[in-house]
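One structure below.
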Amino acid sequence: MRLYPCDRYPLPLPAGHRFPLAKYALLRQRLEAEAADGARLQFIQPHAATPDELLRVHCRDYIGRVLAGRLTAAEVRRIGFPWSPELVERSLRSTGAAVDAAAAAITDGVAASLAGGTHHAGSNWGEGFCLFNDTAVAARELQDRGLVERVLILDCDVHQGNGTAEIFSTDPTVFTMSIHGGRNFPLRKFPSSLDVPLADGTGDADYLRLLGPAVAESFDRGQPDLVLYIAGADPYAGDRLGRLRLSQAGLLERDRLVFRATAAAGVPLAIVCGGGYCQDLEMVAAIHAATMLEASRLLWRPATTAGN
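Numbering (my numbering), first residue to last: 209 to 516.
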């Protein structure tokens, strides 16, 4: 299974910043250990998303101001990161990783970015640690290459995918589903094709009871050629920003539900990480790693990658 890590691209942050940057290296290290023990995992550095790829989703003026460091102070606050050339490079690589994973999934059945899930970035804004919307760029890029016609974005991050919803609000070829904390960030939620808002404190049983029909409806209405899955670790009970109460086992069952539905539909799936803000970053990395390993077990078609 092809994996696209981004942790080797540094991101200077102020001391005490709450973004869990270290989780990405921990995730890669866990998966490298699994590969050393025999897991069929291939680590590939992603390309940097190009201006043309970004323009499929984002406004030219916004892209130009991000790349040149001409964001306003208000925009920088909304994004949550201080601007730096390193931030731009990492964001381009993270977006490129989603594109690369989506393209790899077409031939392999499944692939993953070990970053991303930047679903708060809209067509002309960044927000909530998101500069560019990686799954939106991946969807449009693969459509432009003629590889797919219809895309389903299944967003299981604990926060609603407002940017993704805004970008595709008038596009019937991309179906967006978001299951999220109804009272959680963002305050302003653009309507997705299908939204499943959850009460604070929702646990495994209620979450899975609601997710199953939502996934089935998404496949039925979206009729996708490709699924992009935001597998957030932040619904976990110990997450500082999540406000839900899913267990590790519940999150893995969430993944299996998505993977089985994808397998039943016979379409490829690309995974991006999404959020994860538990104080114990080893736990966050373990949740993400379990997602990747289960995807490899259930969806990867090794015959198609022989000789790589």
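Here a beta-carbon is modelled for each residue, glycine too, at the ideal position from N, C-alpha and C. Quick caveat: nothing in here was measured; it's all calculated off a predicted structure.
Problem - Per-residue DSSP class, three states only, for H328 - result: coil
Practice task
Can you have a look at T512 and say buried or exposed, based on whether 16 or more other CB atoms are within 10 angstroms of its CB?
Solution key: Its pLDDT being 46, under 50, T512 is placed unreliably by the model, and the measurement read from it follows with that caveat. T512 comes out exposed.
Problem - Other residues of its chain near A471: CB distance less than 8 Å, five sequence neighbours each side excluded - result: L506 and L507
Practice task
Look at the alpha carbon of F393 and the alpha carbon of T372, and state the distance between them as a whole number of angstroms.
Solution key: 14 Å
Problem - Helix, strand or coil at F393 according to DSSP, with G and I counted as helix - result: coil
Problem - Those residues which DSSP pairs with C338 across a bridge - result: E335
Handout entry: Reference D463, options L477, F340 and D488, closest by Cα
Key = L477
Handout entry: C-alpha gap between S321 and C214, whole angstroms
Key = 8 Å
Problem - Three or more C-beta pairs below 8 Å linking the segment 359-373 and the segment 397-416 - result: yes
Handout entry: Nearest neighbour of A413, chosen from L279, A457 and E425 [CA to CA]
Key = A457
Exercise for the section: Please go through the same chain and pick out, in chain order, the residues whose beta-carbon is closer than 6 Å to the beta-carbon of R273, but skip the five residues on each side of it. Expected result: L279
Exercise for the section: Buried or exposed for G325, please, with buried defined as at least 16 other CB atoms from any protein chain shown within 10 angstroms of its CB. Expected result: buried
Exercise for the section: Within its chain, find whatever has a CB closer than 8 Å to the CB of A313; leave out the 5 residues flanking it on each side and keep chain order. Expected result: A319, L434, P476, L477 and A478
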